[in-house]
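Colleague: Residue numbering for the sequence shown follows this note's numbering, beginning at 149 and increasing consecutively.
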Amino acid sequence: MKNERCIYLAVTFAIMVLGLASRKYDDVLPEFIAEYSGDTLWAAMVYWGIRFLFPSISIVKSVVISLLFSYCIEISQLYQADWANIVRSTTLGALIFGHGFLWSDMICYTVGGLLSAAIDSRKVILFPLKKYI
Numbered sequence: 149m150k151n152e153r154c155i156y157l158a159v160t161f162a163i164m165v166l167g168l169a170s171r172k173y174d175d176v177l178p179e180f181i182a183e184y185s186g187d188t189l190w191a192a193m194v195y196w197g198i199r200f201l202f203p204s205i206s207i208v209k210s211v212v213i214s215l216l217f218s219y220c221i222e223i224s225q226l227y228q229a230d231w232a233n234i235v236r237s238t239t240l241g242a243l244i245f246g247h248g249f250l251w252s253d254m255i256c257y258t259v260g261g262l263l264s265a266a267i268d269s270r271k272v273i274l275f276p277l278k279k280y281i
């Protein structure tokens, strides 16, 4: 269990780095990747963060929790109070809470969460994980 938690934490941080890089270097990425990778990676980061915090819950529960969390954050962007917009105007606030509601973000969250769950369940193998686990 401890080894899995270390892996979940490492994956969470790796995805954070990839997500930040996708925002910083969006001018050199293909347009589709630049547009949608950040939100997809954000949802993946939430999924792996949930796995780190609660390693004993099932993959299904993890993906449901992470998707609900992601959807709630996106829906909260419909609330445009001054104080909320002040928080969103900061770099950290923008990274966590975003700026405005988009249906495409909901699709990205779904893809990021489901792809992460598929990788976690070993249904999608990106590289030989058994050597490292």
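Don't be surprised by glycine CBs; every beta carbon is placed ideally from N, CA and C. All values reported here derive from a predicted model rather than from experimental measurement.
(1) The alpha helix (DSSP H) that contains Val-194, what's its start and end?
(2) Output needed for Ser-269: all residues of its chain with C-beta closer than 7 Å, excluding positions within five of it in sequence on either side, in chain order.
(3) How would you write the range of the alpha helix (DSSP H) that Trp-249 sits in, first residue to last?
(4) Based on Cα-Cα distance, which residue from Ile-198, Val-211, Ser-218, Leu-243 lies nearest to Val-165?
(5) Can you round the beta-carbon distance between Ala-191 and Gly-260 to whole angstroms, since I take them to be within the 8 Å contact cut?
(6) What does a CB cutoff of less than 7 Å around Val-159 pick up in its chain, not counting 5 residues either side in sequence?
(7) Using CA atoms only, rank isn't needed, just tell me which of Phe-249, Leu-216, Leu-215, Val-211 is closest to Gln-228.
(8) Hey, could you find the ends of the alpha helix (DSSP H) Tyr-219 is sitting in?
Modeller: Working from what's here:
(1) If you number the sequence shown from 1, residue 194 lands on position 46. Counting along the chain, the alpha helix (DSSP H) containing Val-194 begins and ends at 179-201.
(2) Here residue 269 corresponds to residue number 121 of the sequence shown, with the count starting at 1. Taking C-beta separations shorter than 7 Å and ignoring five residues to either side along the sequence, the partners of Ser-269 in its chain run Ile-207, following chain order.
(3) As a position in the sequence shown, residue 249 is number 101, starting the count at 1. Reading the sequence as shown, one finds Phe at residue 249 and not Trp. Note, Phe-249: premise wrong, no alpha helix (DSSP H); not H, not E.
(4) Position 17 of the sequence shown, counted from the start, is the residue given in the question as residue 165. Comparing Cα positions, the closest option is Leu-243.
(5) Within the sequence shown, residue 191 is the residue found at index 43, counting from 1. Within the sequence shown, residue 260 is the residue found at index 112, counting from 1. Confirmed, Cβ separation roughly 3 Å.
(6) The residue you call residue 159 lines up with position 11 of the sequence shown. Within the same chain, Val-159 has close Cβ partners Trp-196.
(7) The residue labelled residue 228 in the question sits at position 80 within the sequence shown. With respect to the C-alpha of Gln-228, the residue from Phe-249, Leu-216, Leu-215, Val-211 having the closest C-alpha is Phe-249.
(8) To locate residue 219, count along the sequence shown from 1; it is residue 71. Counting along the chain, the alpha helix (DSSP H) containing Tyr-219 begins and ends at 207-224.
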